[in-house]
Structure formats: C-alpha cells, structure tokens
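First the structure, in the form of structure tokens, and then the observations on it.
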Amino acid sequence: MSTVTQTAPGDFWEVEPHHHHEGASTSIGFWIYLMSDCLMFAVLFAVFGVLGGSYAAGPGPKDLFDLELVALNTAFLLLSSITYGFAMLAMVKENTRGTLIWLGITLVFGLAFLAVEIYEFQHLIHLGAGPQRSAFLSAFFALVGTHGLHVAFGCLWLVTLMIQIRQRGLIPANRRRLACLSMFWHFLDVIWIGVFTFVYLLGMI
Amino acid sequence: MTSIEAQGDKHRAERQAEAHGDQHDDGHDHGSVRSYLTGFILSVILTAIPFGIVMAGGFDSRFLTAAVVVGMAIVQILVHMVYFLHMNTRSDEGWTMMALIFTVVILVIVLSGSLWVMYNMNTNMMPQMNHEALGLGS
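In order, the protein sequences belong to chains L and R. So for the first sequence, this note's numbering puts the first residue at 21; every next one is plus one. So for the second sequence, this note's numbering puts the first residue at 80; every next one is plus one.
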C-alpha cells in the first residue's frame, strides 16, 4: 500500500475536485439557462417572422392591435425592471425592509403587465381572433403567450423569494436567488423589446 | 501523517489562499442608483421615439420607418445589457460574454436562415405551382 502512495499523484494532477465556495458557479449556470431560453424565443420569433403575414383572409395586426395598450404594458415592464434594480441595491446595503418593499412594487408592476396582457388576449379571442383563426394569430399567441408565461412564473418566483427573505433574511442563499431572478427579470424585459418591436410596431407600419 | 495527506493539505491551503486572493465580491457588478437611472431614462427615450413615430403614422417610406424602429430596439437591447444586466467581459472570467456571443451567432443563423429559406419557398414555389403542367387535374 505504501509503495502506491509514494508516487504522490498530487504532484501531477489534482487529487480532488477544485473547491469553489458554495454557489460560485450558479450565476454562470443560470446565464447559460437564460441563453438557451433566448434561443427558444429566437425560434418563436422566426416562426412569427415566417407566418406573420399569413392572415388566412382573417384580421391583420392593424385590425387587432391597440398600440396604447402595448405602450402601457411596455411602461409597466420597464418600471418593474428599474424597481427590481433598486431591490438589488437595497440588498447590497443589507436593507431587508427596503428589499422587500422594492420587490413588492416590482410584483405589482409584473401583475399589472399580466392583467393587461390577459385582457388583450381575452379581447382578441372575444373578437374571434383566437389562436385557431390564422397562422399569424397562432404564431402571435405562441410568442406573446410564452413571454407572458415567463412573466407569470417570474411573479411566482418573486412571491416565493419574498416569503423566504421575510423568514430567513438576506442570507447568502437568498442573495444568490435574488441575483438569479434579477437576471431573469431583466432578460424578460429584453425579450419584450423584441416583441413590441417586431410584433406590434412593425405590424402597425 | 503520510506524505499524500501532507501534499493534499498543502494543495488545499494553497488553493484557499488563491481563492481569497482573487476574491472580487461575487464577481458581479451590482450597479448603482445612477447607472440604473441612466439605463431607465435611455430606455424610456428609446421606447418613446419608435412608439411616437408609428402612432403618428410613420415616415413616407415604410422601409425607413421599419429601419428606425428596429435600430432603436437594437440600441435599447444593448442599453439593457449594459445598465440592467451588467454585462461585461470580466464577469465569470469572460464566460458569460462567451455564452452570449455564441447565443447571438446561433440566433442570427436561426432567424436569417428561417426567414430566407421560407421566403424563397413562399415566393418561388407556391404561386408557380402549375397544376395543368403537372397533370394534376384542371
């Protein structure tokens, strides 16, 4: 046994895996998830780009979209982005109460966005312009609906984190989670820029 | 203590020293009120202009309107990346930037490839489908 250990493998290669402090690779891992999510949205945008002009003799963007509603939604999402930023700044300053208040405001804006979007979808379906009407509307509902679903899950995550922070405070694990949700939330705002530009604004030109 | 354990301890100690040496917070820039406000104001401007143009009916040339709107969106995405997502070439030893560049490359291939191929299919195949010449009924 001793003859084996004398070769001292540690001189040539690492005998044990490299130790990072816990959660050191979470942010890069989460970023790679976001990038894969981005590719999924790219495919949905491509589908919309291909099918966006196939109205099947049905209503087109100009008959359906209300730009004022979209502008309102854009404002909600942009405001929620900056309030989340303020929550992160409060977190850096160890201000638990401030973090919770800013997260609460972010949640309100997120829910307002969802409410407007659900109203819009319900209005379109009521007009007979549901996803089954034409290829354009199928692609529209798939793309915008997927984004809305992401916002809905983001809100759920936000509520979960607020409860966690209230119970355990700003412990390292919660800070890490807040940083991940921060990336997720800002990423959704970036996707929304693509949605309002390519779906709504270009459709209305 | 056998030699291997001593070696292990030595390495571990070195690695810990290393880890503390290059510890730069958690490797991320959290920004400041100022940077968030800058990003926010730029985003508001870059959103208001395209909405304003399209709501006012756009320019005479549809192409110009579309180009301005898309251009503003690209600039706004960059603003979000810098001021909200704090993208830089340093975080995680440049791997976040590397992942982003890779994603953008794939994204461009998927989008331009789909639009190009499907546009060609639509314009070149659908209308020229000559049923009589193919002998597919009248």
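C-beta atoms are modelled at their ideal positions from N, C-alpha and C, and glycine is treated no differently.
Cβ of residue i within 8 Å of any chain R Cβ
{"i": "Ser101(L)", "result": "yes"}
{"i": "Thr217(L)", "result": "yes"}
{"i": "Asp83(L)", "result": "no"}
{"i": "Ile225(L)", "result": "yes"}
{"i": "Phe96(L)", "result": "no"}
{"i": "Phe65(L)", "result": "yes"}
{"i": "Cys91(L)", "result": "With the sequence shown as reference, residue 91(L) is identified as Ala, and Cys is not the correct amino acid for it. For Ala91(L), the answer is yes, since a Cβ of chain R falls inside 8 Å of its Cβ."}
{"i": "Trp51(L)", "result": "yes"}
{"i": "Gly78(L)", "result": "no"}
{"i": "Ala62(L)", "result": "yes"}
{"i": "Ile125(L)", "result": "no"}
{"i": "His206(L)", "result": "yes"}
{"i": "Ile213(L)", "result": "yes"}
{"i": "Asp86(L)", "result": "no"}
{"i": "Cys200(L)", "result": "no"}
Cβ separation of residue i and residue j, assumed to be a contact under 8 Å, to the nearest whole Å
{"i": "Leu59(L)", "j": "Thr202(R)", "result": "Wrong, their Cβ atoms sit about 27 Å apart, outside the cutoff."}
{"i": "Val90(L)", "j": "Val164(L)", "result": "No, Val90(L) and Val164(L) are not in contact; Cβ-Cβ is about 10 Å, not under 8 Å."}
{"i": "Trp212(L)", "j": "Gly174(L)", "result": "Rounded, the Cβ-Cβ distance is 12 Å, inconsistent with contact."}
{"i": "Leu178(L)", "j": "Thr116(L)", "result": "About 16 Å separates the two Cβ atoms, so there is no contact after all."}
{"i": "Gly72(L)", "j": "Ala135(L)", "result": "Contact doesn't hold; Cβ gap of about 26 Å is too wide."}
{"i": "Ser100(L)", "j": "Phe129(L)", "result": "3 Å"}
{"i": "Leu176(L)", "j": "Arg197(L)", "result": "The Cβ separation is near 13 Å, so there is no contact."}
{"i": "Tyr162(R)", "j": "Phe106(L)", "result": "Going by Cβ atoms, the distance from Tyr162(R) to Phe106(L) rounds to 13 Å, so no, they are not a contact pair."}
{"i": "His159(R)", "j": "Met108(L)", "result": "15 Å between Cβ atoms; not a contact."}
Sub-8 Å separation of residue i and residue j beta-carbons
{"i": "Ser202(L)", "j": "Tyr53(L)", "result": "no"}
{"i": "Val210(L)", "j": "Ile156(R)", "result": "yes"}
{"i": "Ala152(R)", "j": "Thr217(L)", "result": "yes"}
{"i": "Val189(R)", "j": "Val63(L)", "result": "yes"}
{"i": "His170(L)", "j": "Leu127(L)", "result": "no"}
{"i": "Leu133(R)", "j": "Met224(L)", "result": "Correcting the residue type first, residue 133(R) is Val in the shown sequence and not Leu. Yes, these two residues count as a Cβ contact at 8 Å."}
{"i": "Ala155(L)", "j": "Ala76(L)", "result": "yes"}
{"i": "Phe119(R)", "j": "Ile125(L)", "result": "no"}
{"i": "Ala149(L)", "j": "Val67(L)", "result": "no"}
{"i": "Thr175(R)", "j": "Ile48(L)", "result": "yes"}
{"i": "Ile185(L)", "j": "Asn194(L)", "result": "yes"}
{"i": "Leu84(L)", "j": "Pro129(R)", "result": "no"}
{"i": "Ala126(R)", "j": "Gly137(R)", "result": "First, the residue type needs correcting, since residue 126(R) is Thr and not Ala in the sequence shown. Going by C-beta atoms, Thr126(R) is not nearer than 8 Å to Gly137(R)."}
{"i": "Gly214(L)", "j": "Phe96(L)", "result": "no"}
C-beta neighbour in chain L for residue i, strict 8 Å
{"i": "Met204(R)", "result": "no"}
{"i": "Trp195(R)", "result": "no"}
{"i": "Ile124(R)", "result": "no"}
{"i": "Thr144(R)", "result": "yes"}
{"i": "Thr175(R)", "result": "yes"}
{"i": "Ile128(R)", "result": "no"}
{"i": "Asn199(R)", "result": "no"}
{"i": "Val184(R)", "result": "no"}
{"i": "Asp101(R)", "result": "Residue placement at Asp101(R) is flagged as unreliable, the pLDDT there being 38, under the threshold of 50; the coordinate-derived value follows with that caveat. Output row for Asp101(R): interface = no."}
{"i": "Arg169(R)", "result": "no"}
{"i": "Leu121(R)", "result": "no"}
{"i": "Val189(R)", "result": "yes"}
{"i": "Arg113(R)", "result": "no"}
{"i": "Ala152(R)", "result": "yes"}
{"i": "Val149(R)", "result": "yes"}
{"i": "Val161(R)", "result": "no"}
Residue i beta carbon near the ligand NAP (any heavy atom closer than 7 Å)
{"i": "Tyr139(L)", "result": "Inclusion of the ligand NAP in the displayed structure is not the case, the ligand content being empty and no account of it being possible."}
| Is it true that the segment 118-128 of chain L meets the segment 39-48 of chain L, where meeting means three or more beta-carbon pairs spaced less than 8 Å apart? | Inter-segment contact for the segment 118-128 of chain L and the segment 39-48 of chain L is absent: fewer than three beta-carbon pairs are separated by less than 8 Å.
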